[in-house]
Amino acid sequence: MNEQTGEPQKAPEPFEAQPPARPPRVPVFNLPPALFFSLCLLVVIYAVQALVLSDDAVSWLLFTFGFVPARYVIPLSQQGLELFWTPVTYSLLHGSVQHIVFNAFWLMAFGAPVVRRIGTLRFVFFWLFSATASAALHAVLNWGDVSLLIGASGVISGLMGAACRFAFPAERSPMLAAHVNARLSIIEALKNRTVVIFMLLWLVGNALIAVGIPLVGDSDQAIAWDAHIGGFVFGFFLFSLFDRAPPQPPIEPAGTEKDVLQS
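If you count the sequence shown from 1, position 89 lands on 92 in this note's numbering, and the numbers rise without skipping.
What follows is the structure, encoded as structure tokens:
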């Protein structure tokens with residue numbers, strides 16, 4: 004007869020409940036780094052301008068880095084080299100807290116999807132060229148004028164125009180993150196009802212500005228509506244030069260349905 008011996012069986016240890024996993028923290032401002040740096044740069048420049056520099060130094064700053072159409076009718080021998088960099092640097096300057104806060108709001112709203120789509124380097128070039136396009140139309144329509152143009156509104160208008168090419172998907176398409184939508188052609192964008200309504204509202208707002216009815220801010224401060232149009236036209240028609248293939252969304256198994264929540 005075979006006998007088997009062994010250690011007495013141990014009673015199972017009581018189950019210890021694990022604490023629930025903490026959900027990942029969602030940042031309050033989920034901005035791309037390039038856009039966050041741009042906002043910080045605008046704020047720092049204005050803070051130095053408003054809190055550190057004297058009145059004479061502020062006048063020098065605005066004259067040296069602000070855009071003045073008259074520079075392009077004066078012979079180069081009679082002026083400095085400011086006409087070469089001011090078509091871009093004017094977009095980094097602002098005239099008041101309200102001015103920079105208003106621009107920062109719209110920059111976050113429309114800059115975030117564009118930066119996520121085209122990346123940091125292309126965003127930098129987009130800023131440079133859209134600022135130049137805005138200043139160019141302003142100079143053409145105000146040829147020889149001695150007024151000073153400052154502010155990022157032209158660039159923001161360019162971002163709005165660019166967003167019209169991808170951020171408003173065709174009707175009845177699945178709801179995806181804006182930056183992964185397919186790029187619409189110019190004709191497709193002009194046939195998109197959401198895009199057309201947005202563009203009409205934007206044009207009406209700038210038309211009101213053109214006749215002296217500001218949407219926000221001090222009515223005594225002139226607003227360069229023509230620079231807005233220059234930026235928007237640039238962003239809308241030339242966005243494809245800066246665009247890259249959007250990241251592909253995850254493929255879901257066939258037959259699955261997705262609930263759409265609206266708030």
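Glycine included, every Cβ here is placed at the ideal spot set by N, Cα and C.
Below-9 Å beta-carbon distance, residue 96 vs any chain D residue: Protein chain content of the structure displayed is limited to a single chain, and chain D is not contained in it.
Residue 89, buried or exposed, once every other Cβ within 10 Å from all chains shown has been counted against 16: buried
Assigned exposure category for residue 196 - 16 Cβ within 10 Å defines buried: exposed
Inter-residue Cα distance where the pair is residue 252 and residue 233: Confidence is the limiting factor: at residue 252 the pLDDT is only 49, short of 50, which leaves the residue's position unreliable, though a coordinate-based value still follows. Each residue's alpha carbon lies about 33 Å from the other.
Close Cβ partners of residue 82 (< 8 Å) along its chain, the five nearest in sequence each way excluded: 74
Residue from 162, 230, 180 and 172 whose Cα sits closest to the Cα of residue 108: 162
Distance CB(residue 164)-CB(residue 66) smaller than 9 Å: no
Own chain, CB closer than 8 Å to residue 76, minus 5 neighbours either side, in chain order: 146 and 147
Run of the alpha helix (DSSP H) containing residue 49, from where it starts to where it stops: 36-54
Given 8 Å, three or more beta-carbon pairs between the stretch 108-118 and the stretch 38-45: yes
Segments assigned beta strand (DSSP E), at least 3 residues, entirely inside the stretch 68-115: none
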